[in-house]
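Q: Structure incoming, see below.
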Amino acid sequence: MNIDPSVREALLAAVPNLRAFAISLCGSMDRADDLVQETLLRALANIHSFQRGTNMSAWLFTILRNLFRSEYRKRRREVEDSDGSYAERMKSQPEQTGRVEFAEFREALAKLPPDQREALILVGASGFSYEEAAAICDCAIGTIKSRVNRARTRLAELMSIESVDDFGPDRATRAVLGGNEPG
Amino acid sequence: MKNSKAGPKMPTQAQAATGEGRPEPRLGHDIQAKIGRQLRAIYDDVVNQGIPERFAELLNRLDERDDKDPQA
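As you go down the protein sequences, you meet chains A and B in turn.
Heads up: the first sequence is residues 0 to 182, going by numbering that gives the first Met the number 0.
Heads up: the second sequence is residues 0 to 71, going by numbering that gives the first Met the number 0.
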């Protein structure tokens, strides 16, 4: 196989973002790297179908997501439970997935339905437009918008409940005062 | 047919501040900004790891397969 140097460069340049997206999908760095590798192989095998001048990154994200989805269907029972196995993997790998200070956020993120988490990450972290994210997820733009909104609302709820110091002084105050309320 | 917009009303800021009604969790801009920052931070932690060697090696192997050592 001869790999065009410009293609090689574009593939490698996309790797860091593909890994970050992949780990958000599967929750494990090792599986994420395998997924990225498979994505590169699939991309090279189908490079003729890539239209030069279009967004290579979005094309690669689409491939990666489709690969993950087909694996997901195969392992449905293992992966489907978003509060269970996925959340456990995210929690058990803090050294791989980042800093301790974000443990709480990571936990909240793991509680989102996969569709919402994926939409939020594509738009809020990968920097894709709603339109690009919709193309990657093969759905309507309105669907992406609503998933992102629901993800943000749910995260805000989870975070405001769980981080009393930052956002819920009233809650703590009420807990203290609650016992002294005149009856 | 258009439904009337008169649904249940959310308590206003003033009501919440004077303690009328239940205190609402603050789902405002500060939390949304915090969510955005944390999301990008954990994502960028991975992005900033750069390109692991295995990926360059993979492309090298694929690239060399045909033209250098086809029988190897």
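The beta-carbon is built from N, C-alpha and C at its ideal position, and this holds for glycine as well.
It should be emphasised that the depicted structure is a prediction, and the values quoted were computed from it without experimental measurement.
1. Who are the Cβ neighbours of Asp140 of chain A in its own chain at under 7 Å, not counting the five residues just before and after it?
2. Starting from Phe104 of chain A, find everything on chain B with Cβ-Cβ shorter than 8 Å and list it in chain order.
3. If distances are taken between C-alpha atoms only, which option among A:Leu157, A:Trp58 and A:Cys25 comes closest to Ala9 of chain A?
4. Could you check where the alpha helix (DSSP H) with Arg18 of chain A kicks off and where it finishes?
5. Does chain B have any CB closer than 8 Å to the CB of Met158 of chain A?
6. Quick check on this structure: which residue in A:Met28, A:Glu156, A:Leu43 and A:Ser145 has the alpha carbon closest to the alpha carbon of Met0 of chain A?
7. What residue range does the alpha helix (DSSP H) around Met28 of chain A cover?
8. Which runs of the alpha helix (DSSP H) fall wholly inside the region 102–131 of chain A and span at least 4 residues, in chain order?
9. How many Å lie between Met55 of chain A and Ala13 of chain A at the Cα?
10. For Arg116 of chain A, which residues of its own chain have a beta-carbon under 7 Å away from its beta-carbon, when the five flanking residues on both sides are left out?
11. Under 9 Å Cβ-Cβ, which residues of chain B neighbour Leu34 of chain A?
12. Kindly indicate if chain B contains any beta-carbon less than 8 Å away from that of Pro113 of chain A.
13. Can you confirm whether Asn1 of chain A, when its beta carbon is compared against all beta carbons of chain B, has any partner nearer than 8 Å?
14. Within the continuous alpha helix (DSSP H) that includes Asn65 of chain A, where are the two ends?
15. Looking at the structure shown, is Gly27 of chain B part of a helix, part of a strand, or coil, going by DSSP?
16. Cutting at 6 Å between CB atoms, please list the residues of its own chain near Arg18 of chain A, excluding the five before and the five after it.
17. Quick check on Asn16 of chain A - is its C-beta less than 8 Å from some C-beta in chain B?
18. Look at the alpha carbon of Pro4 of chain A and the alpha carbon of Asp62 of chain B, and state the distance between them as a whole number of angstroms.
19. Do we get a CB-CB distance below 8 Å when we pair Met26 of chain A with the residues of chain B?
20. Measuring alpha carbon to alpha carbon, tell me which of A:Asn148, A:Glu100 and A:Phe127 ends up nearest Pro112 of chain A.
21. Are any of the Cβ atoms in chain B nearer than 8 Å to that of Ala187 of chain A?
22. Verify whether the separation of the beta carbon atoms of Leu57 of chain B and Leu39 of chain A is less than 8 Å.
23. Rounded to the nearest angstrom, what separates Phe60 of chain A and Ile120 of chain A at their Cα positions?
24. Determine the direct distance from the alpha carbon of Gln31 of chain B to that of Arg53 of chain B, and round the result to whole angstroms.
25. Pick helix, strand or coil for Asp137 of chain A, following the three-state DSSP scheme.
26. Helix, strand or coil for Met158 of chain A? Go by DSSP, reduced to three states.
A: So, from the listed chains and residues:
1. Locating residue 140 of chain A in the first sequence gives position 141, counting from the first residue. The identity of residue 140 of chain A in the sequence shown is Ile, whereas the question assumes Asp. Contacts found: Tyr129, Glu130 and Ala133.
2. The count along the first sequence starts at 1 and reaches residue 104 of chain A at position 105. Residues of chain B passing the Cβ test: Ile34, Gln37, Leu38 and Ile41.
3. For this step, residue 9 of chain A is matched to residue 10 along the first sequence. The candidate whose alpha carbon is nearest that of Ala9 of chain A is A:Trp58.
4. Your numbering for residue 18 of chain A matches position 19 in the first sequence. Judged by DSSP secondary structure, Arg18 of chain A falls within the alpha helix (DSSP H) whose first and last residues are Pro4 to Cys25.
5. Indexing the first sequence from 1 puts residue 158 of chain A at position 159. Judged by the 8 Å Cβ criterion, Met158 of chain A is in contact with chain B.
6. The residue given as residue 0 of chain A occupies position 1 in the first sequence. Nearest C-alpha to Met0 of chain A: A:Leu43.
7. For the purposes of this step, residue 28 of chain A is identified with residue 29 of the first sequence, where counting begins at 1. Met28 to Ala44 is the extent of the alpha helix (DSSP H) around Met28 of chain A.
8. Look at the region 102–131 of chain A and you find these whole runs of alpha helix (DSSP H), each 4 residues long or longer: 102–109 and 113–123.
9. Position 56 of the first sequence, counted from the start, is the residue given in the question as residue 55 of chain A. Position 14 of the first sequence, counted from the start, is the residue given in the question as residue 13 of chain A. Rounded to whole angstroms, the separation of the alpha carbons of Ala13 of chain A and Met55 of chain A is 8 Å.
10. Within the first sequence, residue 116 of chain A is the residue found at index 117, counting from 1. Within the same chain, Arg116 of chain A has close Cβ partners Ser23, Leu108 and Ala150.
11. Residue 34 of chain A sits at position 35 when you count from the first residue of the first sequence. Residues of chain B passing the Cβ test: none, with the nearest at roughly 12 Å.
12. Within the first sequence, numbered from 1, the residue matching residue 113 of chain A stands at position 114. Pro113 of chain A does not count as touching chain B.
13. Here residue 1 of chain A refers to the residue found at position 2 when the first sequence is read from its first residue. It does: the Cβ of Asn1 of chain A has a partner Cβ on chain B nearer than 8 Å.
14. Your numbering for residue 65 of chain A matches position 66 in the first sequence. Looking at the DSSP string, the run of the alpha helix (DSSP H) that includes Asn65 of chain A is Met55 to Lys73.
15. Counted from its first residue, the second sequence places residue 27 of chain B at position 28. For Gly27 of chain B, the three-state secondary structure derived from DSSP is coil.
16. As a position in the first sequence, residue 18 of chain A is number 19, starting the count at 1. Excluding residues up to 5 positions away in sequence, Ala31 and Val35 lie with their Cβ nearer than 6 Å to the Cβ of Arg18 of chain A in the same chain.
17. For this step, residue 16 of chain A is matched to residue 17 along the first sequence. Answer yes: the Cβ-Cβ gap between Asn16 of chain A and chain B drops below 8 Å somewhere.
18. Within the first sequence, residue 4 of chain A is the residue found at index 5, counting from 1. Within the second sequence, residue 62 of chain B is the residue found at index 63, counting from 1. For Pro4 of chain A and Asp62 of chain B, the distance between alpha carbons rounds to 10 Å.
19. Within the first sequence, residue 26 of chain A is the residue found at index 27, counting from 1. Note on identity: in this sequence residue 26 of chain A is Gly, with Met being the wrong assignment. It does not: the Cβ of Gly26 of chain A has no partner Cβ on chain B nearer than 8 Å.
20. Counted from its first residue, the first sequence places residue 112 of chain A at position 113. By alpha-carbon distance to Pro112 of chain A, the top candidate from A:Asn148, A:Glu100 and A:Phe127 is A:Asn148.
21. This structure leaves residue 187 of chain A out entirely; chain A is present only between 0 and 182.
22. Counting from one through the second sequence, the residue named residue 57 of chain B turns up at place 58. Counting from one through the first sequence, the residue named residue 39 of chain A turns up at place 40. Yes, these two residues count as a Cβ contact at 8 Å.
23. By one-based count along the first sequence, residue 60 of chain A stands at place 61. By one-based count along the first sequence, residue 120 of chain A stands at place 121. A straight-line Cα-Cα distance of about 12 Å links Phe60 of chain A and Ile120 of chain A.
24. Residue numbering aside, residue 53 of chain B sits at position 54 when the second sequence is read from its first letter. Residue numbering aside, residue 31 of chain B sits at position 32 when the second sequence is read from its first letter. Arg53 of chain B and Gln31 of chain B have their C-alpha atoms some 37 Å from each other.
25. By 1-based counting over the first sequence, the position of residue 137 of chain A is 138. Here Asp137 of chain A sits in coil by DSSP.
26. By one-based count along the first sequence, residue 158 of chain A stands at place 159. In the three-state DSSP reduction, Met158 of chain A falls in the helix class (H, G or I).
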